[in-house]
Amino acid sequence: MNVHHLELFYYVAKHHGISAAARHIPYGIQQPAISAQVINLEDSLGVTLFHRRPFSLTQAGRELFAFIEPFFGKLSDIDARLRGGRVVRLRIGAPEPIQHNYLPAMLQTLKKRVPELSFSLTSGLQDVFEQQLLAQEIDIAFTGIHGKPAPGIQCQEMIRIPLALVVRERSGFKKAQQLWEMDRIDEPLLCVPVPEPVTTIFLTELQRRKIEWYPSLELASLDLVGRYVAEGFGIGLTIMQPDVPAPAGTRLIPLTDFPEVPYAALWLGKINPLLETVLREARSIAGKVSSLSPA
DNA sequence: TCGAAACAAGTTAATCCGCT
DNA sequence: AGCGGATTAACTTGTTTCGA
0 MNVHHLELFY YVAKHHGISA AARHIPYGIQ QPAISAQVIN LEDSLGVTLF HRRPFSLTQA
60 GRELFAFIEP FFGKLSDIDA RLRGGRVVRL RIGAPEPIQH NYLPAMLQTL KKRVPELSFS
120 LTSGLQDVFE QQLLAQEIDI AFTGIHGKPA PGIQCQEMIR IPLALVVRER SGFKKAQQLW
180 EMDRIDEPLL CVPVPEPVTT IFLTELQRRK IEWYPSLELA SLDLVGRYVA EGFGIGLTIM
240 QPDVPAPAGT RLIPLTDFPE VPYAALWLGK INPLLETVLR EARSIAGKVS SLSPA
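According to numbering that gives the first Met the number 0, the first sequence is numbered sequentially starting from 0.
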């Protein structure tokens, strides 16, 4: 008998099925792996633990579940106790603009609601956050998203933010249309690296419009894009945050007819009361930001 | 100690199968 | 027939074991 197999059986029995278990196990694991491990457990015991469809535990399955449930059911309690009882730790992943502009207000409110809260912030991109969530290195991420998140990761969209070009203050470009009408765009394009949704969504739309313009300089953050534009390196791609001014020495040209970038909260497995509070606060801030956007 | 082989456990994609 | 859940097949990756 293998403890990992027992753990998987616990989730299968608790959630009445292998697929439901795959959706609720707090680390990433797919249905076939659970199925195979539970079959291994049944083989090693020489008994059938549950009927697949419709789901029902056999007598042996009920006995085993009754035996292991007190242990696996209380793992989270002992985990919290060993970590020091009342300290509530929240590890958040978010790109720098979100960290700069929105997280301070959110964390202040959260701190009032949950005084024992301590938190850590990490920056990155969607794929990095997904890996960190799966490795349980962060608890929640707020990030621009493009494409479906990895299996097991829950996703709730918060807000859609329009794309914008950032140009030098005294640049001759007033409208994006001026660029699209050119035979060839010679201005270097500055943006964050390609897996970042801001860039991916922009390039996909350019491709759809059959406009050829490729990144000349990939920078680690949207802040750096603004900074390099101000220094005259070219035209930058950024997002139109309604309550955030353009970086010094630059101005923004909104890309009103381009798709917007969806920003979402990502977390792993079942939501807990703390994450519920965080999501509620995030939705409230997203609502306020949306109301500032020009219609 | 190091490298090859074996093994365990995971993935995706395809397939099976029971239910509506 | 179509849908959704379970299983199978083929593969990858990481760890362990074992012999030189």
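Glycine residues also receive a C-beta, built at the ideal position from the N, C-alpha and C atoms.
The structure displayed is predicted, hence computed values, not measured ones.
**Request:** Sort Val113, Lys73, Ser122, Gly143 by Cα distance to glutamine 240 and report the nearest one.
**Result:** Gly143
**Request:** Can you tell me which of Lys111, Ser283, Ala140 puts its alpha carbon nearest to the alpha carbon of arginine 90?
**Result:** Ala140
**Prompt:** So leucine 132 packs on leucine 265, CB below 8 Å; how close in whole Å?
**Reply:** At roughly 6 Å, the Cβ-Cβ gap stays under 8 Å, so leucine 132 and leucine 265 are in contact.
**Request:** Evaluate alanine 32 with the Cβ neighbour count: other Cβ atoms within 10 Å of its Cβ, from every protein chain shown; 16 or more gives buried, anything less gives exposed.
**Result:** exposed
**Request:** Drop a sphere of 10 angstroms on the beta-carbon of aspartate 242, count the other beta-carbons inside from all chains shown, and report buried for 16 or more, exposed for fewer.
**Result:** exposed
**Message:** Quick test of your reading: histidine 23 and histidine 14, contact by CB under 8 Å. State the CB separation rounded to the nearest angstrom.
**Reply:** 5 Å
**Request:** Mind checking who histidine 145 pairs with in its DSSP beta bridge?
**Result:** None; histidine 145 has no bridge partner.
**Prompt:** Do isoleucine 200 and valine 127 have their C-beta atoms within less than 7 Å of each other?
**Reply:** no
**Message:** Just to confirm, is the Cβ distance from proline 96 to leucine 188 under 7 Å?
**Reply:** no
**Asked** Which residues mark the beginning and the end of the beta strand (DSSP E) in which phenylalanine 172 is found?
**Response** Here phenylalanine 172 belongs to no beta strand (DSSP E), and DSSP marks it neither H nor E.
**Message:** Here's the rule I'm using: 16 or more other beta-carbon atoms within 10 Å means buried, otherwise exposed. How should phenylalanine 66 be labelled?
**Reply:** exposed
**Request:** Name the residue from Glu211, Leu7, Val87 whose alpha carbon lies nearest to the alpha carbon of valine 37.
**Result:** Leu7
**Request:** Taking methionine 105 as part of the alpha helix (DSSP H), name the residues at either end of that continuous run.
**Result:** 102 to 112
**Asked** What residue from Glu62, Leu162, Ile137, Ser283 has the CA that sits closest to tyrosine 9's CA?
**Response** Glu62
**Request:** Report the rounded CA-to-CA distance for threonine 255 versus alanine 175, giving the unit in angstroms.
**Result:** Put simply, the backbone Cα of threonine 255 is about 9 Å away from that of alanine 175.
**Message:** Please classify alanine 20 as buried or exposed, where buried requires at least 16 other C-beta atoms within 10 Å of its C-beta.
**Reply:** buried
**Asked** Using a Cβ-Cβ cut-off of 7 Å (strictly less than) and excluding sequence neighbours within five positions of tryptophan 212, which residues of its own chain qualify?
**Response** Ile184, Leu188, Leu205
**Prompt:** Three-state secondary structure (DSSP) at glycine 92?
**Reply:** Annotated three-state conformation of glycine 92 is strand, per DSSP.
**Request:** State the start and end residues of the unbroken beta strand (DSSP E) segment that holds threonine 203.
**Result:** Not the beta strand (DSSP E): threonine 203 falls in the alpha helix (DSSP H), residues 196 to 207.
**Item:** valine 191 classed as buried or exposed, judged by whether at least 16 other C-beta atoms fall within 10 angstroms
**Value:** buried
**Message:** Judging by CA-CA distance, which residue of Ala247, Tyr101, Ala93 is the nearest neighbour of leucine 120?
**Reply:** Ala93
**Message:** Please state the DSSP three-state secondary structure of valine 224.
**Reply:** helix
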